[in-house]
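Asks:
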Amino acid sequence: MLTFVVKKTENTRQEKQEKIVVIDDSKTLCDTFCELLADLGFRTEGYYSGIAALEGMQKDIPDLLLLDLNMPDMDGYEVCRRMQSNGALSEIPVLVISSYSNIDEKLKAFEVGAVDYVTKPIQMAEVQARIETHLSLRRYQSALEEKNTQLTLTLEELKNAQRQLIQTGKLASLGKLVAGVAHEINNPVSFIIGNAHIIQRDLTNLLDLHRNNKFSCERDSNENNLFEHTLTELVPAVDDVLESSLRINNIVKDLQSFSAKGVTDKFAINFSALVKKAVNWVRKSNQSMANIVLFLPDNLPVQGNEGQLTQVILNLLTNALDALKEEAKPKVTITGERCGDSVVLIIKDNGTGVKPCHLEHLFDPFFTTKKVGEGTGLGLSISYGLVIEHKGTLTAENNPDKGVCFTLTLPWHD
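Under this note's numbering, the residue at position 57 of the sequence shown is numbered 57, and the numbers go up by one with no gaps.
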């Protein structure tokens, strides 16, 4: 026996758009439930078979299911079991309406996934109240899941921002130190280089003069041999001093670039053309046989300092090519595109990649995995600082297949 008392509220038809599916092998009961629920403002769909209902619900997921247990082709317990094993259907709240009133049947229904149980004869007002409760819980759960997703994304954005701030802080504090060190080193190094050139020139001239004249009239052979031996040893020694001084000078230049602040002379730039020009320079000057492949649109407009952005691209390309020295078929792929309000440039190589423990330090000043004498460890740090000054981002990660991927973003400039 059913007692139908439908309680309507003022906002029933305005707010309720949820869909409720009714499964009952009794056509009369199934249709009656659907009509009553439709009057309450719900979308409804009725099935007289559990098998048909499972197929239909896959196409249009309902918000709630009213389920009878006693059905011939597939009982309500089996319907629940199959729903629980189906990811798309497993979250649908199931409200059982059955003539079974003993506790074992109720517990069994809850064990297979039902969230509520109403025994016949029923009061429709009670069913309506339970439906409202479970739909409210579902709405709250959906809202909570959405908020959780948003919080997860926000947390990741905050972590990225924190990493960027930490990196920027490192560069800022170290930049002050570097500026002072570079200034202190630069003057004596310039003096050493200048004098080394003079000594190198004079020693070479003196050695040539000695070899031509041999001073045979004034010195015996032993003295001549000693004089020539001394000069012969001095020349390579001075060469070494000069080479080392030039290396120190290059380090100073890197330090000065690292400590430089601000972006000057900002103009509209076609970033695609800038990248192509940098690639051409690298192809002409670098001995690497790497295949550099470009996928760039005709124009990627940005605003900035052309020289500084060119330095960034050259540093990234040089870093990629250095990682490919041992590769049989070295390849660098450069892809550029617009993504929202940003220009995105991706530089990938097919090298051996970077150890995970090294990835987070790639942009740290003086960090390098190269041999002593092959780099100052400032190239990527300088690039990072310049990109930040241009209001962009620079990140690095290992490719899933092979090599390293650098992603550079800059604001799109109309």
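Glycine residues also receive a C-beta, built at the ideal position from the N, C-alpha and C atoms.
Just the Cα atoms here: how many angstroms apart are L394 and L316?
Replies: 10 Å
Asks: Near R81, what residues of its chain come up, given a Cβ to Cβ distance below 7 Å and the 5 sequence neighbours on each side ignored?
Replies: V112
Asks: Roughly how many angstroms lie between the CA atoms of P400 and P297, to the nearest whole one?
Replies: 25 Å
Asks: How many Å lie between D31 and Q150 at the Cα?
Replies: 41 Å
Asks: Taking 9 Å as the threshold (C-beta atoms), are K329 and N305 in contact?
Replies: no
Asks: Out of curiosity, what's the CA-to-CA distance linking K350 and K402?
Replies: Per the sequence shown, the amino acid found at residue 350 is Asn instead of Lys. Looking at the two C-alpha atoms, the distance is approximately 5 Å.
Asks: In whole angstroms, what separates the C-alpha of D73 from that of D25?
Replies: 9 Å
Asks: Of all the options A278, Q311, E326 and Y47, which has the alpha carbon lying nearest to the alpha carbon of A290?
Replies: E326
Asks: Would you call P236 buried or exposed, if buried means 16 or more other Cβ atoms sit within 10 Å of its Cβ?
Replies: exposed
Asks: What separation, rounded to the nearest whole angstrom, lies between the Cα atoms of L89 and Y140?
Replies: 18 Å
Asks: Select from F295, Q308, A320 and K355 the residue whose C-alpha is nearest the C-alpha of E337.
Replies: F295
Asks: Going by DSSP in three states, T352 sits in which element: helix, strand or coil?
Replies: For T352, the secondary structure class from DSSP, reduced to helix, strand or coil, is coil.
Asks: Count the C-beta pairs between the region 127 to 140 and the region 60 to 67 that are closer than 8 Å, then say yes if the count reaches three, no if not.
Replies: yes
Asks: Under three-state DSSP, which class holds G307?
Replies: helix
Asks: Is the beta carbon of L386 closer than 9 Å to that of L345?
Replies: no
Asks: Roughly how many angstroms lie between the CA atoms of E35 and F110, to the nearest whole one?
Replies: Distance between the alpha carbons of E35 and F110: 27 Å.
Asks: Exposed or buried, F406, counting other C-beta atoms within 10 Å across all chains shown (16 or more means buried)?
Replies: buried
Asks: Kindly indicate which three-state DSSP category Y47 falls into: helix, strand or coil?
Replies: strand
Asks: Taking only three categories from DSSP, how would you classify N249?
Replies: Residue state, collapsed to three classes: helix.
Asks: If we call anything under 9 Å between Cβ atoms a contact, is L67 one with V79?
Replies: Yes.
Asks: If I measure Cβ to Cβ from V372 and keep anything under 7 Å in the same chain, skipping five residues before and after, which residues do I get?
Replies: Low local confidence applies: a pLDDT of 44 at V372 is under 50, so the model's placement there is unreliable, and no value is given.
Asks: Can you list, in chain order, the residues of its chain with a C-beta nearer than 7 Å to that of M57? Leave out the 5 residues immediately preceding and following it.
Replies: V21 and L89
Asks: Around the Cβ of L321, are there at least 16 other Cβ atoms within 10 angstroms (buried) or fewer (exposed)?
Replies: buried
Asks: Quick check on this structure: which residue in R43, Y47 and K19 has the alpha carbon closest to the alpha carbon of L29?
Replies: Y47
Asks: Could you give the first and the last residue of the continuous alpha helix (DSSP H) run that contains L380?
Replies: Here the alpha helix (DSSP H) through L380 covers G379 to E389.
Asks: Taking C-beta to C-beta, are G340 and N398 nearer than 9 Å?
Replies: no
Asks: Could you check which residue in Q128, E105 and G87 has the C-alpha nearest to that of L69?
Replies: E105
Asks: So, helix, strand or coil for I269, using DSSP?
Replies: Three-state DSSP puts I269 in a strand.
Asks: Can you grab the Cα-Cα spacing for the pair G76 / G50, in whole Å?
Replies: 7 Å
Asks: Could you check whether K348 and I334 sit closer than 9 Å to each other, using their CB atoms as the reference points?
Replies: yes
Asks: Go to A38, then tell me how far its alpha helix (DSSP H) extends in each direction, as first and last residue.
Replies: K27 to D39
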